[in-house]
Amino acid sequence: MEIKGIGASPGIAIGKALVLEHKEMVIEKKENVNVEVEVEKLNSAVDISKKELSAVKEKVAKELGEEEAEIFGAHLLVLEDPEFIGEAENKIKNESLNAEYALNEVKDMFVSIFESMDNDYMRERAADVKDVTNRVLRHILGIKIIDLSNLSDEVVLIAHDLTPSDTATMDKKKVLGFLTNIGGRTSHTAIMSRTLEIPAIVGLSDVTDKVKDSDMIVFDGDKGIVIVSPEEDVVAEYQEKKRIFEEDKKALELLKGQPSVTTDKKHVELAGNIGTPNDLEGLINNDAEGVGLYRTEFLYMDSDEFPSEEIQFEAYKKVLEGMKGKPVVIRTLDIGGDKKLSYFEMEEEMNPFLGYRAIRLCLDRTDIFKTQLRALFRASVYGKLRIMFPMISSLEELLAAKAICEEVKSDLKAEGLGYSDDVEIGMMIEIPSAAVISDLLAKHVDFFSIGTNDLIQYTCAVDRMNQKISYLYNQFNPAVLRLIKMVIKNAHAEGKWVGMCGESAGDQMMIPILLGFGLDEFSMSPISILRARRLINSVSEKDMQALSDKVLEFGTAKEIESYMKDFIARR
Numbered sequence: 001m002e003i004k005g006i007g008a009s010p011g012i013a014i015g016k017a018l019v020l021e022h023k024e025m026v027i028e029k030k031e032n033v034n035v036e037v038e039v040e041k042l043n044s045a046v047d048i049s050k051k052e053l054s055a056v057k058e059k060v061a062k063e064l065g066e067e068e069a070e071i072f073g074a075h076l077l078v079l080e081d082p083e084f085i086g087e088a089e090n091k092i093k094n095e096s097l098n099a100e101y102a103l104n105e106v107k108d109m110f111v112s113i114f115e116s117m118d119n120d121y122m123r124e125r126a127a128d129v130k131d132v133t134n135r136v137l138r139h140i141l142g143i144k145i146i147d148l149s150n151l152s153d154e155v156v157l158i159a160h161d162l163t164p165s166d167t168a169t170m171d172k173k174k175v176l177g178f179l180t181n182i183g184g185r186t187s188h189t190a191i192m193s194r195t196l197e198i199p200a201i202v203g204l205s206d207v208t209d210k211v212k213d214s215d216m217i218v219f220d221g222d223k224g225i226v227i228v229s230p231e232e233d234v235v236a237e238y239q240e241k242k243r244i245f246e247e248d249k250k251a252l253e254l255l256k257g258q259p260s261v262t263t264d265k266k267h268v269e270l271a272g273n274i275g276t277p278n279d280l281e282g283l284i285n286n287d288a289e290g291v292g293l294y295r296t297e298f299l300y301m302d303s304d305e306f307p308s309e310e311i312q313f314e315a316y317k318k319v320l321e322g323m324k325g326k327p328v329v330i331r332t333l334d335i336g337g338d339k340k341l342s343y344f345e346m347e348e349e350m351n352p353f354l355g356y357r358a359i360r361l362c363l364d365r366t367d368i369f370k371t372q373l374r375a376l377f378r379a380s381v382y383g384k385l386r387i388m389f390p391m392i393s394s395l396e397e398l399l400a401a402k403a404i405c406e407e408v409k410s411d412l413k414a415e416g417l418g419y420s421d422d423v424e425i426g427m428m429i430e431i432p433s434a435a436v437i438s439d440l441l442a443k444h445v446d447f448f449s450i451g452t453n454d455l456i457q458y459t460c461a462v463d464r465m466n467q468k469i470s471y472l473y474n475q476f477n478p479a480v481l482r483l484i485k486m487v488i489k490n491a492h493a494e495g496k497w498v499g500m501c502g503e504s505a506g507d508q509m510m511i512p513i514l515l516g517f518g519l520d521e522f523s524m525s526p527i528s529i530l531r532a533r534r535l536i537n538s539v540s541e542k543d544m545q546a547l548s549d550k551v552l553e554f555g556t557a558k559e560i561e562s563y564m565k566d567f568i569a570r571r
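Residue numbers for the sequence shown follow full-length UniProt numbering, so the first one is 1 and each next one is one higher.
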């Protein structure tokens, strides 16, 4: 069986399927139950959970160190606390309640107590209680738990979608590839798969229904083709494709340490996009010249509460130190739209992508914004920090955000806390209104970074996650290209540099056009960096200027895409 989806991350995967189901826990109250049966259910689920957590703790300690394993030690302490499990047991016995309802009630009580405490350490215990209780509850309810951090075999993960916590905790050495029902090239799963350098295909609609656990799978993450239960000759064909792909990767290794420069000596900066400090390894391995986008929202999304100033400071410090003086662009909090926080209630909106999100939320909730900015400026002494605001649509917003930066610096100075005086302040160009007034905005920033994922969406009025109209979401749309060219021209007129952190920056067919427009910095998934360098090293800026002029003569995205396909094929 052959299934076609959207190629999200290059590479060939050959392996057995593991289908993930994220079933929602439905906890109903049942009274007058058989108390002995319910107590046994609880104790059995606790015992299984203890064994699982002990195994994970041991594995993480061996591979990552004792400090990293400590979170699982904290989970074990919760299960070994006689007051916690004992309280649930008493509730079952005294009120004749079912095990899952009794445990959930006790969990809510303990979480409420911990969250109300002044002590930071005790407040963090609330997250441990939630996590470990949910593990026990799944066992009571008979919901299969797949521990992605402790996989015994190599697998191809099949899921409706993958959450940030799925990708953060999985054993990367055992995951051969991702296949998901939903998503496009710019969905979070697609972006994370490229960051992790794992082949992936998204937008497969119903792959979770068509594939069963242990089915043999082969797929090409570039072309978007999946074959389920292939014949032996097809497996052999994909093994050969995999060999060629790996050989090309080795050839690219020779470009490490080389400059990203055209044949006529135009130098550009090739940076990488990351979601967590743990992504630095991929960036360094692919010889990135900096971090062009650190998406800080993952710090918030992987937490059960707003991360404290100290937690954020440590994360930013780790990235800045890890890049050893190379520039690091850190984007301030960008939640809303499709990125929600479980602990922060946001009103339902008719158009969330056009609503209360990103800089709009931060300018409204200055307490959240200032906490992040304090952590950023404190960390700035450990490297070359560049701060970037998302979703700026007007000069008023930009000036308001910059004013809060000045307030934060003034507060830090008064408290005797150091920060660098050399922090560049920039903004993303992802809204057409910002592109149109980029000549005005350029006077008030040190740099622009063009976020093509949203710029295409807003310029073309197309939801990038809607597969029915995905054909309209096209980076080669002449309107999008004209806006990009205008932004670069306006910034350069003010002596400011321009980067691009959207997925277009790493696209082989877009790079020549962007070179011709004069883009200064290209930030992409780590896996794309060396391929981009090879292409840049093979062309001249002068020729690319002529090519970009030619491209803008076409009236349709289809014509431009066809022209660029021919150009790349001839190289």
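The beta carbon of each residue, even a glycine, is placed where N, CA and C say it ideally should be. Quantities reported herein were computed from a predicted structural model and do not represent experimental measurements.
{"Query": "Minimum length 4: unbroken alpha helix (DSSP H) runs contained in the stretch 457-523", "Result": "478-493 and 511-517"}
{"Query": "Sequence-distant residues of its chain with Cβ nearer than 8 Å to A127 (five each side left out)", "Result": "S303, D304 and E305"}
{"Query": "8 Å Cβ cutoff met for L455 and L483", "Result": "yes"}
{"Query": "Beta-carbon gap between T263 and V56 smaller than 8 Å", "Result": "no"}
{"Query": "Under 8 Å between C-beta atoms of N273 and S504", "Result": "no"}
{"Query": "Alpha carbon of D171 to alpha carbon of A414, nearest angstrom", "Result": "45 Å"}
{"Query": "First through last residue of the alpha helix (DSSP H) which encompasses F448", "Result": "Counting along the chain, F448 falls outside any alpha helix (DSSP H), though it belongs to the beta strand (DSSP E) covering F447 to I450."}
{"Query": "Residues bridged to K29 (per DSSP)", "Result": "In DSSP, K29 forms no bridge with anything."}
{"Query": "3-residue-minimum beta strand (DSSP E) runs that sit fully inside the stretch 250-335, ordered along the chain", "Result": "269-274, 291-295 and 327-331"}
{"Query": "Completely contained beta strand (DSSP E) runs for the stretch 394-455, where each covers 3 or more residues", "Result": "424-429 and 447-450"}
{"Query": "Stretch pair the stretch 425-440 + the stretch 489-496: three plus CB contacts closer than 8 Å", "Result": "yes"}
{"Query": "For R125, three-class secondary structure by DSSP", "Result": "helix"}
{"Query": "Of the listed residues E297, V26, H160 and E430, nearest to S205 (C-alpha basis)", "Result": "H160"}
{"Query": "Option in P512, R571 and A569 with minimal Cα separation from D549", "Result": "P512"}
{"Query": "Selection from L97, S229 and L76 that minimises the alpha carbon distance to D215", "Result": "S229"}
{"Query": "L103 in three-state terms, based on DSSP", "Result": "helix"}
{"Query": "Short CB-CB distance (under 8 Å) between Y458 and chain B", "Result": "In the displayed structure, chain B is absent; only one protein chain is listed."}
{"Query": "Same chain, Cβ closer than 7 Å to H75, five either side skipped, listed in chain order", "Result": "L53, D128, D131 and V132"}
{"Query": "Rounded distance between the beta-carbons of K326 and K384, thought under 8 Å", "Result": "7 Å"}
{"Query": "Residue range of the beta strand (DSSP E) that includes R386", "Result": "K384 to F389"}
{"Query": "For V26 and G418, the rounded distance between their alpha carbons", "Result": "50 Å"}
{"Query": "The beta strand (DSSP E) enclosing K212, as first and last residue numbers", "Result": "It is not in any beta strand (DSSP E) - K212 carries neither H nor E in the DSSP assignment."}
{"Query": "The stretch 396-409 touching the stretch 514-534, judged by at least three CB pairs closer than 8 Å", "Result": "no"}
{"Query": "Counted within 10 angstroms of its Cβ, other Cβ atoms place I469 as buried (16 or more) or exposed", "Result": "exposed"}
{"Query": "For G11 and V226, the rounded distance between their alpha carbons", "Result": "12 Å"}
{"Query": "Same chain, Cβ closer than 7 Å to V234, neighbours up to 5 away in sequence not counted", "Result": "V218 and I227"}
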